[in-house]
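In the numbering used here, the protein residues as written are 2 to 112.
In C-alpha cells form, the structure reads like this:
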C-alpha cells in the first residue's frame with residue numbers, strides 16, 4: 002500500500018486491512034479508519050487536520066468561490082438564454098412552412 006495511507010492513519014496496516022476489497026471486510030476497514038480519526042459521525046477536526054499536515058478549515062474558500070463566479074460572469078449564459086427566449090423564435094417563410102406540413106396518407110410509402 003501507499004506510504005500516504007500509513008502517514009494519514011499514523012500506523013501500520015494490519016493483514017486484515019491489506020486484503021483485497023470484498024463485501025463486509027470493506028465496511029469493517031472503513032469503520033476502523035473512521036474510529037481512528039475520532040467520532041464516526043463528526044467531520045474532520047482541526048486537531049486531526051493539523052496532525053496530518055493540513056490547514057484548519059475556514060469559510061474563505063466558499064467566499065472566494067462566489068467572488069470568482071461573480072467576476073467571471075457566471076450568470077452570463079443564463080442571461081443570454083433568457084434574452085433569446087424573450088426575443089422569440091423567427092417566423093419561417095411560407096415555402097418552408099408548406100414543406101413542413103405532413104403529407105396525406107395516400108402518399109405514404111407502401112411496404
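Glycine included, C-beta positions come from ideal geometry on N, C-alpha and C.
Length of the line joining the Cα atoms of residue 118 and residue 80: The requested residue 118 does not occur in the structure, where the chain is confined to residues 2 to 112.
Residue 102 in three-state terms, based on DSSP: Taking the chain shown and counting its residues from 1, the one referred to as residue 102 is at position 101. In the structure shown, residue 102 adopts coil according to DSSP, grouped into three states.
Start-end ranges of the alpha helix (DSSP H) lying completely within the segment 48-75, minimum 4 residues: 61-72
Closer than 7 Å: residue 98 CB and nearest the ligand NAD heavy atom: Within the structure as shown, the ligand NAD is missing, as the structure has no ligands at all.
Residue 12 - DSSP class collapsed to helix/strand/coil: For the purposes of this step, residue 12 is taken as the residue at position 11 of the chain shown. Coil, per DSSP.
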